[in-house]
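Be aware that the sequence shown starts at 4, since it is given in my numbering, and climbs by one per residue. Cβ coordinates follow ideal geometry from the N, Cα and C atoms, glycine included. Single-structure report; data block below.
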Amino acid sequence: MLLLVGACGGGPTGVESPRQVRGVIVLVTPRSLTEVETLRIRDGDGKVWTFTTQGPVDFTPSHLREHQLLGQAVLVTYVAKADTLVAVKIED
């Protein structure tokens, strides 16, 4: 007799589908001239969100600082990986 056992689960663990949040920039920490290490924004409800990146996110740290100085909101597309929010795209 042959017994087959199926694996449980439907996808990678610890990774969610992309989500978005809009807010004003509180902090930008550069990794380099072209990449962001840390981005912190405050949404319309006053919640502060902290993101890291794993490569380019369409905006440079200097461009994001300009948004910060002018109080212009950005839209952050992100994924949750374990306990970390990873920004994958940033838009005006």
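- Between residue 35 and the set 80, 82, 78, 62, the nearest pair of CA atoms involves 62.
- The C-alpha of residue 92 lies about 10 Å from the C-alpha of residue 82.
- Membership of residue 22 in the beta strand (DSSP E) is indicated by the continuous run 22 to 33.
- Around the C-beta of residue 51, fewer than 16 other C-beta atoms lie within 10 Å, and the residue is accordingly described as exposed.
- Taking each of 23, 94, 69, 86 in turn and checking the Cα distance to residue 59, the smallest one comes out for 94.
- In this chain, the beta strand (DSSP E) harbouring residue 78 covers 76 to 84.
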